[in-house]
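Protein chains: 2
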Amino acid sequence: MRVEDLPTDPIVAAWVAIVRAGNGLIAAVAADGKAAGFPPLEWYDVLWELERRSPKRGLRPYELEHGLLIAQYNVSRLVDRMCRAGYIERRPCESDARGQVLVITDKGRALRKKMWPVYFASIQRHIGSHLSADDARALCALLVRVVACRDQEERRPDEQKRR
Amino acid sequence: MRVEDLPTDPIVAAWVAIVRAGNGLIAAVAADGKAAGFPPLEWYDVLWELERRSPKRGLRPYELEHGLLIAQYNVSRLVDRMCRAGYIERRPCESDARGQVLVITDKGRALRKKMWPVYFASIQRHIGSHLSADDARALCALLVRVVACRDQEERRPDEQKRR
DNA sequence: TCAACATAGATGCAATTGCATTATACTACG
DNA sequence: CGTAGTATAATGCAATTGCATCTATGTTGA
Numbered sequence: 001m002r003v004e005d006l007p008t009d010p011i012v013a014a015w016v017a018i019v020r021a022g023n024g025l026i027a028a029v030a031a032d033g034k035a036a037g038f039p040p041l042e043w044y045d046v047l048w049e050l051e052r053r054s055p056k057r058g059l060r061p062y063e064l065e066h067g068l069l070i071a072q073y074n075v076s077r078l079v080d081r082m083c084r085a086g087y088i089e090r091r092p093c094e095s096d097a098r099g100q101v102l103v104i105t106d107k108g109r110a111l112r113k114k115m116w117p118v119y120f121a122s123i124q125r126h127i128g129s130h131l132s133a134d135d136a137r138a139l140c141a142l143l144v145r146v147v148a149c150r151d152q153e154e155r156r157p158d159e160q161k162r163r
Numbered sequence: 001m002r003v004e005d006l007p008t009d010p011i012v013a014a015w016v017a018i019v020r021a022g023n024g025l026i027a028a029v030a031a032d033g034k035a036a037g038f039p040p041l042e043w044y045d046v047l048w049e050l051e052r053r054s055p056k057r058g059l060r061p062y063e064l065e066h067g068l069l070i071a072q073y074n075v076s077r078l079v080d081r082m083c084r085a086g087y088i089e090r091r092p093c094e095s096d097a098r099g100q101v102l103v104i105t106d107k108g109r110a111l112r113k114k115m116w117p118v119y120f121a122s123i124q125r126h127i128g129s130h131l132s133a134d135d136a137r138a139l140c141a142l143l144v145r146v147v148a149c150r151d152q153e154e155r156r157p158d159e160q161k162r163r
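Set out below in structure tokens:
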């Protein structure tokens with residue numbers, strides 16, 4: 001991708017650049033993970049959410065849904081697969097009989113620990129080798145503004161289509 | 001998304017921010033398109049590539065593959081669907097009997113023309129209302145560096161896993 | 001208290017994607 | 001030339017996703 005190829009309207013150019021960079025990076029990092037024989041990138045995110053946000057507490061599926069921006073029916077099935085693989089566990093939820101609490105297993109913790117160095121190296125290679133720490137911070141600052149604002153907007157009116 | 005939620009390592013934070021922003025924006029803009037009754041976002045990209053890069057020439061499927069970062073087998077089937085819908089056409093390729101040339105139809109041009117204002121407004125709403133033109137340009141400059149460099153790397157060695 | 005409505009999660013079915021492989025045509029080199 | 005190797009595109013089949021709907025439980029208010 002070169003600057004010259006982007007649309008002249010700076011906002012539209014930003015849209016194209018974000019989408020392209022996002023897709024390209026995800027594809028590259030996911031490919032490294034797969035080459036190492038790991039399950040999908042997504043599984044890492046779930047394991048990480050469960051591990052850090054649940055010292056003993058666990059997470060409700062809808063919290064995963066919101067945190068990772070996965071559709072509800074896909075959370076349901078992703079959790080199925082990860083339970084079947086033995087990386088996480090469903091437990092009944094004491095405060096709400098409709099719900100459940102998801103907990104990472106030892107096997108899940110072990111997998112996450114094994115995955116991280118690979119993904120870390122991949123991220124460093126694909127991003128870190130081309131941006132300084134300051135560049136990276138500047139990039140974050142800009143991106144955070146876009147996403148933070150968008151969230152607020154969408155959470156206000158009615159909230160049925162979240163993705 | 002807030003800066004405080006990002007990992008402390010600035011490179012990893014950039015990775016998270018790019019992925020989150022990319023997914024979030026795509027979901028938001030795609031939702032607007034769907035609400036307007038349009039086919040998937042992806043179709044717009046194909047129509048646009050064909051329209052601008054083919055005054056009379058058309059594009060080879062593998063050019064779409066590289067340009068839009070879609071896997072070869074998915075290009076093949078995406079083209080099927082869009083042909084069936086009448087928005088594009090396959091034509092035999094004169095210089096290479098294995099291949100074909102894709103061309104946008106009048107119906108396709110009309111669809112793209114109808115889609116653009118909707119997507120443009122959506123992009124403005126989700127990005128433009130939160131970034132100045134200069135912010136947007138700065139963002140592009142940073143993202144382009146990441147992606148441009150990554151491309152070069154991956155095109156060098158052997159090139160089997162592209163997206 | 002109970003009816004009306006909202007929320008958590010699962011699921012049937014169709015559409016799409018990923019993976020592996022195939023068919024066909026081009027290219028290069030002995 | 002002829003053959004080994006490579007590039008273009010398609011496809012069978014399994015896995016995943018999207019959409020619509022469903023069940024069960026929680027919440028609210030007359």
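Which chain is which? The protein sequence lines are A and B, in order.
For reference, each letter of the first sequence is one residue, going 1 to 163 in this note's numbering.
For reference, each letter of the second sequence is one residue, going 1 to 163 in this note's numbering.
Note that the Cβ used here is the ideal one computed from N, Cα and C, for glycine as well.
Since we're looking at a predicted model, the values are computed, not measured.
Item	Value
The beta strand (DSSP E) enclosing LEU102/B, as first and last residue numbers	100–104
Chain B contact for CYS140/A (CB, 9 Å cutoff)	yes
Cβ neighbour criterion (16 or more within 10 Å) applied to ARG156/A	Any reading at ARG156/A must be qualified, since the residue scores a pLDDT of 37, below 50, and its modelled position is unreliable; the value itself is stated next. ARG156/A comes out exposed.
Boundaries of the beta strand (DSSP E) in which ARG91/A is found, first to last residue	88–92
For LYS114/B and ALA30/A, the rounded distance between their alpha carbons	35 Å
Length at least 4, wholly inside the stretch 11–89 of chain A: the alpha helix (DSSP H) runs in chain order	41–52, 61–68 and 72–84
Contact check, ILE88/A vs GLN124/B, beta carbons under 9 Å	no
CB contact check: ARG145/A to chain B, cutoff 9 Å	yes
Contained alpha helix (DSSP H) runs [length at least 4] in the stretch 101–149 of chain B, N- to C-terminal order	106–123
Segment contact, 8 Å Cβ cut-off, at least three pairs: the stretch 37–54 of chain B with the stretch 125–133 of chain B	no
Within-9 Å CB hit, PRO61/B to chain A	no
Contact with chain B by GLN72/A, beta-carbon distance below 9 Å	no
Helix, strand or coil at ASP5/B [DSSP, three-state]	helix
Rounded C-alpha distance that separates ARG91/B from LYS56/B	12 Å
Pair within 9 Å by beta-carbon distance, VAL103/B and GLY37/B	no
TRP48/A versus ALA136/A, TYR119/A and ASP80/A, residue with shortest Cα-Cα distance	TYR119/A
Interface residues of chain B facing LEU180/A [CB-CB closer than 8 Å]	This structure cannot speak to residue 180/A, because chain A is shown only from 1 to 163.
Contact between the stretch 66–73 of chain A and the stretch 20–35 of chain A (3+ Cβ pairs under 8 Å)	no
Contact with chain B by TRP15/A, beta-carbon distance below 9 Å	yes
Own chain, CB closer than 8 Å to ALA17/A, minus 5 neighbours either side, in chain order	MET1 and LEU6
Proximal residues to SER122/A (C-beta, below 8 Å), its chain only, five neighbours per side dropped	ALA28, VAL29, ASP32 and GLY33
Residues of the stretch 17–29 of chain A whose Cβ lies closer than 7 Å to any Cβ of chain B, in chain order	ALA17, ILE18, VAL19, ARG20, ALA21, GLY22, ASN23, GLY24, LEU25, ILE26, ALA27 and ALA28
Supposed contact pair LEU139/A and ALA14/B - C-beta distance, whole angstroms, cut 8 Å	5 Å
is_contact[GLY86/A, chain B] using C-beta, thresh 9 Å	no
Where GLY128/B meets chain A, residues with beta-carbon distance less than 7 Å	ILE11
Reference GLY99/B; option with closest CA among TYR62/B, ARG53/B, ARG77/B and VAL79/B	TYR62/B
Alpha carbon of ALA148/A to alpha carbon of ARG52/B, nearest angstrom	34 Å
CB contact below 9 Å: GLN124/A versus chain B	yes
VAL3/B vs ALA133/A beta-carbon contact at 9 Å	no
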